[in-house]
Amino acid sequence: MLPKNQRLGRAAFAQVFAAGSRIHDPHATVVYRLDASFKAAVVVSKKVAKKAHERNLVRRRFYTIIRNIIDSNRNIKGEYIFIIKPTIKNLSKKEFKSLITLEVGRTLK
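My numbering applies: residue 917 is where the sequence shown begins, and numbers increase by one.
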């Protein structure tokens, strides 16, 4: 989990989802809006995993990798929503991390 000041609240989530730019990938969609601070949310639907503990596992892994990326690179700014697709289950942990790093890097260009 991210610290509370780095989590995207309901109102901000709706604003970013409605007006943010989108990057589509076979494994995830990133909706983002550049901002002065960093905030993120991860969405894992029942199409990805039927059971709640499986969805939570994917979400926790995603948040851990995001936290590591932020700790190593403090200049990442913006509000991000990561929408996970069912094909994410086929990835290894290394591919999972490279996917997230790539998606965040693509938003900074």
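Note that CB positions come from ideal geometry on N, CA and C, so glycine has one too. Owing to the predicted nature of the structure, the values given are computational and were not obtained by experimental measurement.
Where residue i falls: helix, strand or coil (DSSP)
i, result
"Ser1014", "helix"
"Tyr937", "Looking at the sequence provided, one finds Ser at residue 937 rather than Tyr. Three-state result, Ser937: strand."
"Arg990", "coil"
"Ala957", "strand"
Spatial neighbours of residue i in its chain, beta-carbon cut-off 8 Å, leaving aside the 5 residues before and after
i, result
"Phe933", "Val947, Ile997"
Distance, residue j Cα to residue i Cα
i, j, result
"Leu924", "Met917", "12 Å"
"Val960", "Thr980", "15 Å"
"Lys1009", "Lys955", "23 Å"
"Pro1002", "His943", "7 Å"
"Lys963", "Ala935", "25 Å"
"Gly994", "Ile1000", "19 Å"
"Gln922", "Arg938", "20 Å"
"Arg983", "Ala957", "12 Å"
Where the beta strand (DSSP E) containing residue i begins and where it ends
i, result
"Thr945", "944-949"
Residue i CB to nearest heavy atom of the ligand GDP below 8 Å
i, result
"Ala934", "For the structure depicted, the ligand GDP is absent and the ligand set is empty, with no information on it obtainable."
Nonlocal neighbours in the same chain, by C-beta distance under 6 Å from residue i, ignoring five residues either side
i, result
"Gln989", "Residue identity differs from the one stated: residue 989 is Asn in this sequence, not Gln. No residues qualify anywhere along the chain."
"Lys1013", "Ile981"
"Leu1015", "His943"
Exercise. Kindly confirm or deny that the stretch 967-975 and the stretch 945-956 touch, where touching means at least three C-beta pairs closer than 8 Å.
Key: no
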